[in-house]
Amino acid sequence: MAEQYIIGVDIGTTSCKSTVVSLHGTPLGSGIAYYPVLSPFPTWAEQDPEAIFTAVLQAVRSSIVSSEVRPDRILGIGLSGALHSVLAVDAQGNPLTRAMIWADTRSAASSIQIKVKHDGHRIYERTGCPVHPMYPLSKIDWLRSNLPEIYQKAHKFISIKEYVIGKLLGRYIVDRSVASATGLFDIHKLDWDEETLEIVAITRDRLSEHVPATTVLEGIEPGYAEAMGVRPDCLLIAGAGDGLLSNVGAGSVEPGQVTCMIGTSGAVRVISSQPRVDEKERTWCYLLTDEAWVVGGAINNAGLVYQWFRDRFYPGEEDTYQVLDE
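When we follow the working numbering, the leftmost residue of the sequence shown carries the number 59, and every step to the right adds one.
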């Protein structure tokens, strides 16, 4: 039987990376496509969801070309995505807003109001997410207060990863890992948290169907399959959040194992066999799978600072690392 392959796709903060690997884990080819973070006002950090979707198509195609693997040998595509983004889409799937990403803190006032009016600690205990402007809970509340027409018109509130899946499949699916990092998901019941949904006055039909990280999805739109260079019967694996999957990549999959990751942001994470929250709200707790939770803490400014420094002071340099060495 001819060897078969899978593709890993990471929809990150500043780029989409795609790698073709054998079933034994050997990488054969990679592709990358970049997109900007837009900051039209202080505290805002947005991205164009359509630019990111285009980057996904380009990165996957580039990785297949560089691997020289035939499309009929590719079994499926596994998805990783940055956490905490949210955008509004209409009933036809058109974006009504740009995606507010994890670094967007415009909803700080909304966070404070939610904490005071709705017992922020109880929300944290149910969802594993401290009430903070990073989370979609506060961002959706900001949309309701500041862009009420868009809030009312919104058919769904989704993450960038859900937008990509929605385009590829024609329906909205969210893995429970990404869902658990919204502030809207009960990490104990593994379902949308009705009490929290009431805070932002939305019902579950305005969110995506949530599925386990290992869920296999079918039905890639033929035109997008062709654009990526795969067959329409290529499978799509729901996957999980990017930071949580870095634990898997580091081999940290057993309870008590700890990893430290520094990328665009930075985080320390530990695997747990049950949901755990902190009395002082110093940590968050998200799902990796339905049987494994990840407890951790993060900083927003890690590699992102280097990118800012490069763009401001060395915009024409091709080899940033060489400049740093000098």
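Glycine included, C-beta positions come from ideal geometry on N, C-alpha and C.
All of these numbers come straight from a predicted model, not from anything done at the bench.
Exposure of residue i, with buried meaning 16 or more beta-carbon neighbours within 10 Å
| i | result |
| --- | --- |
| residue 345 | buried |
| residue 363 | exposed |
| residue 309 | exposed |
| residue 348 | exposed |
| residue 226 | buried |
| residue 244 | buried |
| residue 232 | buried |
| residue 105 | buried |
| residue 107 | buried |
Residue i versus residue j - alpha carbon distance
| i | j | result |
| --- | --- | --- |
| residue 279 | residue 305 | 31 Å |
| residue 340 | residue 186 | 11 Å |
| residue 205 | residue 61 | 52 Å |
| residue 313 | residue 330 | 5 Å |
| residue 116 | residue 97 | 25 Å |
| residue 211 | residue 343 | 32 Å |
| residue 137 | residue 294 | 8 Å |
| residue 74 | residue 213 | 26 Å |
| residue 189 | residue 237 | 15 Å |
Reduced DSSP secondary structure (H/G/I, E/B, other) of residue i
| i | result |
| --- | --- |
| residue 203 | helix |
| residue 267 | strand |
| residue 262 | helix |
| residue 277 | coil |
| residue 75 | strand |
| residue 340 | coil |
| residue 366 | helix |
| residue 105 | strand |
| residue 333 | coil |
| residue 360 | coil |
8 Å contact criterion, which residue i and residue j should meet: CB distance rounded
| i | j | result |
| --- | --- | --- |
| residue 316 | residue 328 | 5 Å |
| residue 102 | residue 162 | 6 Å |
| residue 131 | residue 287 | That belief does not hold up - the Cβ atoms of residue 131 and residue 287 are roughly 12 Å apart, past 8 Å. |
(request) Could you name each continuous alpha helix (DSSP H) segment of 4 residues or more that falls completely within the segment 178 to 252, going from the start of the chain to the end? (result) 178 to 185, 194 to 204, 206 to 211, 218 to 227, 234 to 237
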